[in-house]
Structures are given as structure tokens and as C-alpha cells.
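Residues in the sequence shown are numbered from 1 upward in steps of one, following full-length UniProt numbering.
Contents: one structure, followed by commentary.
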Amino acid sequence: MKYQRPQLFIGGKWQDSTGRSTITVISPTTEEPVGTATDTTSEDLDRAVRAAREALADATWAALSPDERAALLDRFADSLEERAQQTGSVVTDENGMPSSLSVVAEGAGPAATLRYYANLIRRTPTESERVSADGRSTTIVRREPVGVVAAIIPWNFPQSLTMFKLAPALAAGCTVVIKPAPETVLDAFQLADAAEEAGLPPGVLNIVTGGRETGAELVAHPGVDKVAFTGSTAAGRAIGEVCGRLLRPVTLELGGKSAAIILDDADLTKVARGLSWASLLNNGQTCYLSSRIFAPRTRYREVVEAVADLAGSMPVGDPTDPATRVGPLVSRAQRDRVESYIATGIREGATVAAGGTRPSHLDRGWFVEPTVFADLDNDATVSREEIFGPVLAVIPYDAVDDAVTMANDSDYGLGGTVWTTDPDRGLDLARRVQTGSIGVNFFNLDIGAPFGGVKSSGLGRELGPEGLDAYIALKSIYTL
Ligand code: NAD
1 MKYQRPQLFI
11 GGKWQDSTGR
21 STITVISPTT
31 EEPVGTATDT
41 TSEDLDRAVR
51 AAREALADAT
61 WAALSPDERA
71 ALLDRFADSL
81 EERAQQTGSV
91 VTDENGMPSS
101 LSVVAEGAGP
111 AATLRYYANL
121 IRRTPTESER
131 VSADGRSTTI
141 VRREPVGVVA
151 AIIPWNFPQS
161 LTMFKLAPAL
171 AAGCTVVIKP
181 APETVLDAFQ
191 LADAAEEAGL
201 PPGVLNIVTG
211 GRETGAELVA
221 HPGVDKVAFT
231 GSTAAGRAIG
241 EVCGRLLRPV
251 TLELGGKSAA
261 IILDDADLTK
271 VARGLSWASL
281 LNNGQTCYLS
291 SRIFAPRTRY
301 REVVEAVADL
311 AGSMPVGDPT
321 DPATRVGPLV
331 SRAQRDRVES
341 YIATGIREGA
351 TVAAGGTRPS
361 HLDRGWFVEP
371 TVFADLDNDA
381 TVSREEIFGP
391 VLAVIPYDAV
401 DDAVTMANDS
411 DYGLGGTVWT
421 TDPDRGLDLA
431 RRVQTGSIGV
441 NFFNLDIGAP
451 FGGVKSSGLG
461 RELGPEGLDA
471 YIALKSIYTL
């Protein structure tokens, strides 16, 4: 087996589980096992939360000055950078992300997020004074860590989505228990290796493994003060309900069905190049992708052709090959789900303008050809539900106002794009779309700006200074 992780990382030590079960990770490319990790029992989970609580209580982390914490975060970033190539390869082996993407997004990206928060905490005072509203006294507003954080992670961008939570939480002085998805449990231990090498104090970062039950147990654990979750809307709702009952702060980054609005003046060659990132990144398994493409009716056939050509031109295959742009879906179940959506699209009468089947040149692996549906409207099932695979719907519109109305007629509101040669027109339109983030002529997450969703796409924000605030409890001290 290529990777073996027989122990858990708890309280700064590698520890045996009290149980004997293991999790096997299957390569989506070869359909063969690539690694195993130990599974977590309730006792292990309890030990991990206790280690995080003790690290919080004995003030080895929160009591450090922001500069001292920032220096350790920078060392942690150094250690992650040293193993960036290797971490990217582990992620590709686990979830089929093309290696050209995994080395950048999963290998190098998390270190940049850590450095961003290290710098931010250096510049953010722990206490600030204000004159009281009646002018008679002074109030000290103090920023304290919210406490022990449970971070629950999906499989699609496991390292970067972990770091969206871990970096601000650590910068704020919180301690963290991470639960990765079972499909991508192996790369989580890369983080533990780097944290250990960087000398992060014991108990500041702990990792537990397992699936939904372990996640649910962690969310409800009495020793947890805050939950940060990325994953499906269904799981997010379940977690939100538990946190509501417990009055436990929670951040939820959930699903999406974002819109690309192509204006009548758009340069379709540039649009197609941009959509390869904005609509098909990571084999279509990215939460913010513009998977509904709105095209002016006057240029509808041209747009369908450009998007179909794009889908047909992206090399599908072994994700470790640097030329590959579309790898396999993460699991057999995910491929079944995507194929069943393709069948629904056909049954409801949409035209398949590209793809629609498994690639004929590959005899193993959970691959699906990038697929483009045309001649459908915004009410089709494939236009409304999150598919989480390389499947796009190109929908015609008459007036720009209709495009905005349809873009906003969705349960979700996470990402989106506008495509035009007139940047002012693009900006004007971007302001009208109900979403947490939107790009004009591209889409690229900015770690310095808040990211998250409206409607069923989530609650709260990650990244930027706002992402740090999610791990802070504010205290006002009134003084005379
Ligand atoms: P999932 O919700 O099934 O699982 C995500 C994680 O939550 C896993 O670690 C899983 O074990 C755990 N989990 C599942 N149910 C749980 C519960 N009831 N309580 C506690 N933990 C639970 O999602 P997935 O299939 O792994 O990921 C795909 C989904 O994630 C897509 O819907 C996608 O849109 C979404 N996603 C959103 C963002 C974002 O930032 N908004 C980013 C990436 C992925």
C-alpha cells in the first residue's frame, strides 16, 4: 500500500486508536486501494477534544503574543511548503484532482493562507479602547479566541478547505480538532507532520478520522465551542440544527449552482478559456462553479458551440499526467450520481451538445466526459440541482434582466461570473446577482476577501479579516 497512517495525531503525539478498524482509500483512477488510516473511536474523539481543551486552558497557545503565534504559523507554512509537491500527489491519488491543480491549490496554497493570517494577526490589536457613548467612561473591547474549534472537511479540496478554517482559528488563539472526509483522510496527516516539525504546541491541532457518525459526534461534543463545516447543504442543515439547539457558533460553507452570464458583446474565445476554470475546475467538483451558463438568444448557437468545443477539447485521463485537465470523479457513488443526472437531463428533453458518456479510451477509473446540455430552461432538474461533476447547462435569455432573474432564481448563491468586453457593464450586472462572490471575466478566490454563500449555500464567511472574526469572541470591559 502506498500510504499507511496507523496512528492518530492527538495532543502533539502519534497515538494508537483504542479500536482496531481502519479506513481504506481507493484511487478513483485505478479503482485500487492506495492507502489506509486508522479509524477513530468515541474514546479517541473524546481524547482529541480534551487535548484541545487542555491546550486552551493551560494557555500555551492563546497566551502567546500575536507576534509569537504568527512566528509559529510562519514556521508551519515553511514546513507545508517543503512538502507541497508530496501533499499535492497524495491529494491526486485520493480524489483524482489533476496534478497541475493539486500541487498549486493543495500543496502551495494552504501555506499562503497561513502566512496571510500570520500577517493579519500581527496587525490586529487584541484590545482597543473607545470612549463610551455617553462620553463619561472608557470601554476596552477585547478580542478573545472563541475556544475549541471542530473543523469538518469535504474531499474536493481537502487541504485548502482545512486551511480556510485552521489558519484563522490558530491565528485567533483557538485550538482545533480536524475531521477530514474518509475519501481524503491521508492528506490530513501531512498537516500533522508539518505542525509537528514546526513545533506547534501539543493539543493545538488534533486530527480524528471517520465518516458522518464521527463528524456528528464531534459537532455535538460538549468540549467543542465552535463548528466550521464545508460540505453538502444536506449535512450543513443537520449540523446547523444541532448547533442551533446547543447555541454553538457555526460557519457553514455549502453547495452551489452558480450562474455564468454571457453578455451579447462577449469575446467567446476568451469566455471559453475562462470557463475551463470557472465552470469545470477539479473535474466539476468545486462548490462555486458557474454550472448554469446564460447565453443571449441572439448568439445562443454560437455559445453552445464554444462551450461544447471547450468541453470536447479538455484532455480527460490520468490525473498524474500534467497534460490532463479532467480527471476521474472521486468515487463510484459520485460517478453514479453524475450519470443519473445526465440521464435525467436527456429524459427531460435537453440536447447533449458534448460528452454525455464515459470516455471510450479509458477502461478503468470513475471518469465521465465533460458534458454540455443545450435547449433547456432554468427549470430543468440539471439547471436547478447541484450535480458536482463536469456537467453544464447552457440556457438562453432574451433581455439581460431575464438573465439576472433566472440567475437569482436558484436555491443557492455561492459563486458566479459575468462575461463581457465592457467592464462597467460587467460590474453593474455583478452587483445585481444574489450571491456571496462573483467574478467579472474570471473567477479566482481571493484569500484577502470574504468567501461564503447566501440562501442554501451557507452561513457566515471564511477568508479575509471577516474569516478571522469568525473565531473571535468579543468582550467589552467598562472602566471609569
Ligand atoms: P458531505 O456533506 O457529505 O461531507 C462533508 C464532510 O462532513 C465529511 O467529512 C463528512 O464525513 C462530514 N459529514 C457528513 N454528514 C455529517 C453530519 N451530519 N455531521 C457531521 N459531519 C458530517 O459532503 P461531500 O460529499 O464530502 O462534499 C461535497 C459537497 O461539499 C458539495 O455539495 C459541495 O458543494 C460542498 N462544498 C462546498 C464548499 C463551499 O465552500 N461552500 C466547498 C467545497 C465543497
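For every residue, glycine included, the Cβ atom is placed at its ideal position computed from N, Cα and C.
Roughly how far, in whole angstroms, is the beta-carbon of Ile10 from the beta-carbon of Ala48, given that I think they are within contact range, below 8 Å?
Within the sequence shown, residue 10 is the residue found at index 10, counting from 1. Within the sequence shown, residue 48 is the residue found at index 48, counting from 1. That pair is a contact at about 5 Å.
Enumerate, from N- to C-terminal direction, the unbroken alpha helix (DSSP H) stretches of 4 or more residues contained entirely within the region 373 to 429.
Runs found: 381 to 384, 400 to 408.
Residue from Val250, Gly240, Thr138, Ala238 with nearest C-alpha to Ala169
As a first step, residue 169 is located in the sequence shown; it is residue number 169 there, counting from the start. When only C-alpha atoms are compared, the closest one is Val250.
Rounded to the nearest angstrom, how far is the Cβ of Thr162 from that of Ala188, given a contact under 8 Å?
Counted from its first residue, the sequence shown places residue 162 at position 162. Counted from its first residue, the sequence shown places residue 188 at position 188. Yes, Thr162 and Ala188 are in contact; Cβ-Cβ is about 7 Å, under 8 Å.
Taking the alpha-carbon of Thr124 as reference, which of Pro66, Glu385, Leu429, Tyr288 has the nearest alpha-carbon?
By 1-based counting over the sequence shown, the position of residue 124 is 124. Looking at the Cα atoms, Pro66 is the closest of the given residues.
Out of curiosity, what's the CA-to-CA distance linking Ala216 and Thr92?
Within the sequence shown, the letter at position 216 stands for residue 216. Within the sequence shown, the letter at position 92 stands for residue 92. Using only the alpha carbons, I get a separation of about 27 Å.
May I ask you to check if the CB of Ser232 is nearer than 6 Å to at least one heavy atom of ligand 1?
Position 232 of the sequence shown, counted from the start, is the residue given in the question as residue 232. Ser232 Cβ: within cutoff of ligand 1.
Which class does Phe9 belong to by DSSP, given the choice of helix, strand or coil?
For the purposes of this step, residue 9 is identified with residue 9 of the sequence shown, where counting begins at 1. In the structure shown, Phe9 sits in a strand (DSSP, three-state: E or B).
Taking the alpha-carbon positions, what's the residue 491 to Ser313 distance?
An answer regarding residue 491 cannot be provided, because it is not within the stretch 1 to 480 covered by the chain.
So what does DSSP say about Leu480, is it helix, strand or coil?
Mapped onto the sequence shown, residue 480 falls at position 480. Looking at Leu480 - three-state DSSP - the assignment turns out to be coil, as it is neither helix nor strand.
Classify Ser340 as helix, strand or coil using the three-state DSSP reduction.
If you number the sequence shown from 1, residue 340 lands on position 340. Helix at Ser340.
Taking Ala470 as the reference, give the member of Pro450, Tyr478, Gly199 with the closest Cα.
Here the question's residue 470 lines up with position 470 in the sequence shown. That would be Pro450, whose Cα lies nearest to the Cα of Ala470.
6 Å Cβ shell around Lys270 - same chain, five flanking residues per side excluded:
The residue given as residue 270 occupies position 270 in the sequence shown. The answer is none, since no qualifying residue turns up.
List the residues that DSSP assigns as beta-bridge partners of Thr24.
As a first step, residue 24 must be located in the sequence shown, where it is residue number 24. Thr24 pairs with Thr36.
Cβ pair Leu310, Ser331 closer than 7 Å
Position 310 of the sequence shown holds residue 310. Position 331 of the sequence shown holds residue 331. No. Outside cutoff.
Let me check one thing: in DSSP terms, what residues is Ile261 bridge-paired to?
What you label residue 261 is simply residue 261 of the sequence shown in a count that begins at 1. BP columns for Ile261 point to Phe294, Val418.
Report the residue from Glu129, Glu183, Gly365, Glu144 whose alpha carbon sits nearest the alpha carbon of Val25.
Taking the sequence shown and counting its residues from 1, the one referred to as residue 25 is at position 25. Nearest C-alpha to Val25: Glu183.
Closest residue to Ser258 among Tyr412, Glu305, Leu463 (Cα-Cα distance):
The count along the sequence shown starts at 1 and reaches residue 258 at position 258. Nearest option by C-alpha distance: Tyr412.
Would the C-beta of residue 498 count as close to ligand 1, meaning under 6 Å from any of its heavy atoms?
This structure does not reach residue 498, given that the chain is present from 1 up to 480, and the question cannot be answered.
Spatial neighbours of Val352 in its chain, beta-carbon cut-off 7 Å, leaving aside the 5 residues before and after
On the sequence shown, position 352 is the one that residue 352 refers to. So the list reads Ile346, Thr371, Phe373, once near-sequence residues are dropped.
Three-state secondary structure (DSSP) of Trp61
Taking the first residue of the sequence shown as 1, we reach residue 61 at position 61. Coil at Trp61, not helix or strand.
Taking Leu252 as part of the alpha helix (DSSP H), name the residues at either end of that continuous run.
Within the sequence shown, residue 252 is the residue found at index 252, counting from 1. Premise fails: Leu252 lies in the beta strand (DSSP E), 250 to 253, not in any alpha helix (DSSP H).
What does the Cβ neighbour count give for Glu253, buried or exposed, with the cut at 16 atoms within 10 Å?
Looking up residue 253 in the sequence shown gives position 253. Glu253 comes out buried.
When DSSP builds the beta bridges, which residues end up paired with Gly223?
Here the question's residue 223 lines up with position 223 in the sequence shown. Paired residue(s): none; Gly223 is not in a bridge.
C-beta contact flag for Pro98 and Thr286 at 7 Å:
Here residue 98 refers to the residue found at position 98 when the sequence shown is read from its first residue. Here residue 286 refers to the residue found at position 286 when the sequence shown is read from its first residue. No, these two residues do not count as a Cβ contact at 7 Å.
Taking 6 Å as the cut-off, does the CB of Pro154 come closer than this to any heavy atom belonging to ligand 1?
Residue numbering aside, residue 154 sits at position 154 when the sequence shown is read from its first letter. Yes, the beta carbon of Pro154 sits closer than 6 Å to at least one heavy atom of ligand 1.
Can you tell me where the alpha helix (DSSP H) with Ile438 in it begins and where it stops?
Looking up residue 438 in the sequence shown gives position 438. No residue range can be given for Ile438, since it is assigned to no alpha helix (DSSP H) and is classified by DSSP as neither H nor E.
At least 3 beta-carbon pairs within less than 8 Å: the region 220 to 227 vs the region 111 to 124:
At 8 Å Cβ cutoff, the stretches do not touch.
Near Ala266, which residues of its chain fall below 6 Å by C-beta distance, leaving aside the five closest residues on each side in sequence?
Residue mapping note: residue 266 aligns to position 266 of the sequence shown, counting from 1. So the list reads Trp419, Thr420, once near-sequence residues are dropped.
Per DSSP, which one or two residues make a beta bridge with Arg273?
The count along the sequence shown starts at 1 and reaches residue 273 at position 273. None; Arg273 has no bridge partner.
Would you kindly work out how many angstroms separate the C-alpha atoms of Glu302 and Ala308, rounded to a whole number?
As a first step, residue 302 is located in the sequence shown; it is residue number 302 there, counting from the start. As a first step, residue 308 is located in the sequence shown; it is residue number 308 there, counting from the start. The straight-line gap from Cα to Cα measures roughly 10 Å.
Quickly, what does DSSP pair Ala151 with across the bridge? List them, please.
One-based indexing of the sequence shown puts residue 151 at position 151. For Ala151, which the question treats as bridged, DSSP gives the partners Ile178, Ala228.
Just mark Val104 as buried or exposed, buried being the case when its beta carbon has 16 or more other beta carbons within 10 Å.
Position 104 of the sequence shown, counted from the start, is the residue given in the question as residue 104. So Val104 ends up on the exposed side.
Inter-residue spacing [alpha-carbon to alpha-carbon] between Asp379 and Pro322
What you label residue 379 is simply residue 379 of the sequence shown in a count that begins at 1. What you label residue 322 is simply residue 322 of the sequence shown in a count that begins at 1. Taking the straight line joining both Cα atoms gives about 38 Å.
Using the C-alpha atoms, what's the distance from Ala272 back to Val107?
Here residue 107 corresponds to residue number 107 of the sequence shown, with the count starting at 1. Here residue 272 corresponds to residue number 272 of the sequence shown, with the count starting at 1. The residue you asked about is not Val; residue 107 is Gly in the sequence shown. Taking the Cα positions, Gly107 is about 27 Å away from Ala272.
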